[in-house]
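Here the structure is laid out as structure tokens; the discussion comes afterwards.
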Amino acid sequence: MKLTITSFALFWLLLPNLRADDGYRLWLKYDKITNASILTSYQQQIQSVWLSGNNPTDQVIQKELDVALSGLLDRKIPWRKELENHQLIITTKGIGSFAADQGLRTMTDRLSPEGFFIRQVTLEGKSVILVMGNDPVGTLYGVFHFLRLIQMQQDIRDLAIEEHPRLKIRMLDHWDNLDRTVERGYAGFSIWDWHRLPDYMDPRYLDYARANASIGINGAALTNVNANHLILRPDYLDKVKALADLFRPYGIKVYLTARFSAPVELGNLETADPLDPRVQQWWKNKVTEIYTRIPDFGGFLVKANSEGQPGPQNYHRSHAEGANLLADALAPHGGIVIWRAFVYSNETPDDRAKQAYQEFVPLDGSFRPNVMIQVKNGPIDFQPREPFHPLFGAMPNTPLMMEFQITQEYLGQGTHLVYLGSMWQEVLKSDTYAHGAGSTVTQTLKESPDSQLTGMAGVANIGTDRNWTGHLFGQANWYAFGRLCWDPDRSADAIAGEWIRQTFSNQSLVVATIQQMMMASREYCVDYMTPLGLAHLMATGHHYGPGPWVNNLSRADWNPTYYHRADSAGIGFDRTAAGSNALEQYAKPVRQLFESRETCPEALLLWFHHLSWQDRLKSGQTLWEALCHHYDLGVSGVKSLADQWVGLHELIDPELYDHVRMMLNIQRKESVWWRDASLSYWQSVNGLDLPAGVTAPEFTLNYYKSLSFPYAPGIRPRW
Ligand code: BDP
């Protein structure tokens, strides 16, 4: 027996490459390069490092490079402050002796804020690799870029890279509550340990900052948009300050969510009316109090008059009057207001998809210059597929910020492999025709009236789970979000490739297989959940699993039946001129494209049209046949993901392999559940038989309706 244990331990010791990986290190693994010739070539090209500055960001750089290079190159690379051949030089524009070099000066003149270049150059006869940032954080980004190249085993000879971010504000929105639950969070609890802050600084905070900086994220809204006023209390502000201090060298600014009624709850005023001078003074004082602690505080993110949150309309004031109140308090300190456009009202009988546009377009031009409007990618709510939000391109005088949801509230939550890069790319590339052809959503984001106020936010999928995101592939969505903020034109495919190489392996079979899995995954999810433009069919409250039958919620527009409108004759939401006419909110060419049954892409058909079950689609199938077919495609797609994964068994770290294998197994069961529950329900409505070849659902509709999940994670708290 003793012998068995010893030989088992020895077995693991002798196989370092099979060391289990729990996913904590994200895409910053820095494991030794296993390809001997590549390793040797890197060792020859990087023989020493010179870091020219010594500001807090440089100190961060030094630590990162120490860990990274000794891991990747399997040797300690010496730091030397004199020019040598094959040296890696890290410097920032204007710092040290390099500032004097004429050739370099011309190059650095071109660098924009947070930008950097990485070049092979000859300085005083020595051949070196120079990483130079426009500012300290640009240098840090350059270093992470360089490390990415090495992790991806790219050729680093003759580098001539120049990069700068296309959007200024690149932030994560944490929907984290002060009790550490996370609204729509599927990866454990909040990483912000409010109770022990500020004295106990969880080492995770540093790793969080490193990960974000490595992909260019420069802002974090720490608290839930369904805000708790307590975060603005002095003791909580001390905790926020501790985080802000730690994030600063990584270029990350902290933002907070501001509860509009805080002057009442915290300040004991009897009103939060934005036009009341006492309220205005209260916010001014509060903001000063914040900036005394955090001089580079980013500003407030606000959800107001939305889903029961307080706001200016409680006092018959407009969203602009509400946003401007906070903007005026923040302006003297350089802070901004990010005001959300996610508003809809049950009392308004109009189509929910139209309401944000109706509310905000008339206010274009009436916001203060330091206000941004944050708009979800689609007009309803982070569904597996939506057309782009009609507000993009429709408010030329107001900076709009994209809001994506990284956490997969409506796309399989914590158990489904769904790569969102391709979904975001679909939105970003959509042509709004706001200023003629080519006005893509990306373009409208870049063309903000104030070039300093451009940005993208992602609702974070991060929690206390050891691997941060619950499902390992959730890391890919965090990664992709950052990379797309940096450059929204970067292809989702290429980003997936980068993530795979840094997460799993550089072997071409691994990269190609997983890339293919990731790129196909979102369409599978659409197919087994909401095919052909259907939306919001998830079960009540927690949104986990199917609930197309739900029809008993207090608000009409919270019921799936509101969205699919199925009856014995047909299905779909008519948003043409004959219906809600939501299409009128889009520019003419877009409107025309979607209005016509002939040209409307099938993927959005039931979003814009109500059709008879018997209507024929381009394939010749009836709508009912096509719908059934799509559900089947979704299910078989997930099966193919699982099969492809099994094929990688020997090529991937065993712990990561097993983690994903088990998740795919859950996804497989859940895709069948989605298909069967949906088909049983549609059949109960239309009375139609299943087309030939479509397998009958395993259980009765009543069975699917009876399922309950009282402890599903991520549920929205009520207070
Ligand atoms: C919905 C979520 C809800 C959020 C809301 C929002 O279900 O929990 O509070 O969005 O964005 O998707 O404010």
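Quick note on the working numbering: the sequence shown kicks off at 67 and runs consecutively.
Backbone N, C-alpha and C fix where the C-beta goes; we use that ideal spot for every residue, glycine too.
Residue i: CB within 7 angstroms of a non-hydrogen atom of ligand 1
| i | result |
| --- | --- |
| SER411 | no |
| VAL291 | yes |
| ASP724 | no |
| GLU150 | no |
| ARG246 | no |
| GLU664 | no |
| ARG782 | yes |
| PHE448 | yes |
| ARG250 | yes |
| LYS369 | yes |
| GLU336 | no |
| PHE408 | yes |
| GLU452 | no |
| GLU425 | no |
| GLU475 | yes |
Residue i Cβ short of 7 angstroms to ligand 2 heavy atom set
| i | result |
| --- | --- |
| SER372 | Of the ligands this structure carries, namely ligand 1, none is ligand 2. |
The alpha helix (DSSP H) enclosing residue i, as first and last residue numbers
| i | result |
| --- | --- |
| GLY780 | GLY780 -> no alpha helix (DSSP H), and no H or E assigned at all. |
| GLY318 | At residue 318 the sequence reads Ile, which differs from the Gly that was named. That residue, ILE318, is in no alpha helix (DSSP H); it is neither H nor E in DSSP. |
| LYS442 | Premise fails: LYS442 lies in the beta strand (DSSP E), 437-442, not in any alpha helix (DSSP H). |
| GLY388 | 385-396 |
| MET595 | 574-595 |
| GLU764 | Run containing GLU764: none; DSSP gives neither H nor E here. |
| ARG270 | 269-280 |
| LEU511 | 507-512 |
Residue-level contact to chain C via CB, residue i, 8 angstroms cutoff
| i | result |
| --- | --- |
| LEU511 | In summary, chain C is missing from the structure at hand, where a single protein chain is found. |
Opening and closing residue of the beta strand (DSSP E) in which residue i lies
| i | result |
| --- | --- |
| MET468 | 466-471 |
| PHE366 | 365-368 |
| ASP342 | Here ASP342 belongs to no beta strand (DSSP E), and DSSP marks it neither H nor E. |
| GLY487 | GLY487 -> not in any beta strand (DSSP E); alpha helix (DSSP H) instead, spanning 487-495. |
| GLU229 | 226-229 |
| ILE104 | Segment 102-111 is the alpha helix (DSSP H) holding ILE104; no beta strand (DSSP E) there. |
| VAL525 | 521-525 |
| LEU787 | One cannot answer for residue 787 here, as it falls past the ends of the chain, which runs 67 to 785. |
Of the residues the options, the one placed nearest residue i, counting alpha carbons only
| i | options | result |
| --- | --- | --- |
| ASP239 | LEU649, ALA328, GLN440 | GLN440 |
| ALA324 | SER678, LYS307, VAL291 | VAL291 |
| TRP258 | TRP534, THR606, PRO329 | TRP534 |
| LEU213 | VAL187, PRO453, LEU154, ARG262 | LEU154 |
| LEU767 | LEU745, THR289, PHE775, LEU756 | LEU745 |
| THR498 | MET461, GLN471, ASP416, HIS482 | MET461 |
| ASN617 | HIS608, HIS630, TYR610 | HIS630 |
| LEU309 | GLY480, ASP640, PRO361, LEU659 | PRO361 |
| GLY524 | THR473, TRP565, ALA86 | THR473 |
| ALA389 | PHE426, TYR410, ARG641, ASP640 | PHE426 |
| SER488 | ALA542, ALA503, ALA692, VAL712 | ALA542 |
| SER103 | ASP88, LEU139, TRP348, HIS399 | LEU139 |
| GLN733 | GLY89, TYR610, TRP679 | TYR610 |
| ARG418 | GLY400, GLY431, PRO445 | PRO445 |
| ASP132 | ASP124, THR123, PRO122, ILE143 | ILE143 |
| ASP265 | VAL484, ARG246, TYR302, TRP348 | TYR302 |
| SER193 | ASN151, ILE561, HIS230, GLY181 | ASN151 |
| GLY839 | THR665, THR157, VAL484 | This structure cannot speak to residue 839, because the chain is shown only from 67 to 785. |
| GLY459 | GLU229, LYS654, VAL209, LEU714 | LYS654 |
| THR464 | LYS420, LEU511, ASN101 | LEU511 |
| ASN120 | LEU206, LYS705, PRO376, GLU475 | LEU206 |
| LEU94 | ALA279, GLN109, SER178 | ALA279 |
| TYR628 | GLU130, ASP416, PRO122, SER178 | ASP416 |
>> What ranges does the alpha helix (DSSP H) occupy inside the segment 537-567, keeping only unbroken runs of at least 4 residues that lie completely in it?
In response: 540-552
> Which runs of the alpha helix (DSSP H) spanning at least 4 residues fall entirely within the segment 126-206, listed in chain order?
Replying inline: 168-175
> Unbroken alpha helix (DSSP H) runs of length 4 or more, entirely within the segment 638-724: which are they?
Replying inline: 654-661, 671-674, 689-712
> Within the chosen definition, does the segment 396-409 reach the segment 361-371 through at least 3 CB pairs nearer than 8 angstroms?
Replying inline: yes
> Can at least three beta-carbon pairs, one atom from the segment 542-555 and one from the segment 585-604, be found at a separation below 8 angstroms?
Replying inline: no
> Any contact of the segment 390-397 with the segment 304-323, i.e. 3+ C-beta pairs under 8 angstroms?
Replying inline: no
>> With three or more C-beta pairs closer than 8 angstroms as the rule, is the segment 592-611 touching the segment 666-676?
In response: yes
> Three or more beta-carbon pairs under 8 angstroms between the segment 185-203 and the segment 234-254, yes or no?
Replying inline: no
>> Does the contact criterion of 3 or more C-beta pairs under 8 angstroms hold for the segment 560-578 versus the segment 641-654?
In response: no
> Just checking, does the segment 337-354 make contact with the segment 376-386 on the three C-beta pairs under 8 angstroms criterion?
Replying inline: yes
> Between the segment 236-250 and the segment 275-285, do at least 3 Cβ pairs fall closer than 8 angstroms?
Replying inline: yes
> What residue ranges within the segment 404-465 form continuous beta strand (DSSP E) runs of no fewer than 3 residues, ordered along the chain?
Replying inline: 437-442
>> Under 8 angstroms, with one C-beta from each stretch per pair, do the segment 684-701 and the segment 748-764 reach the 3-pair mark?
In response: yes
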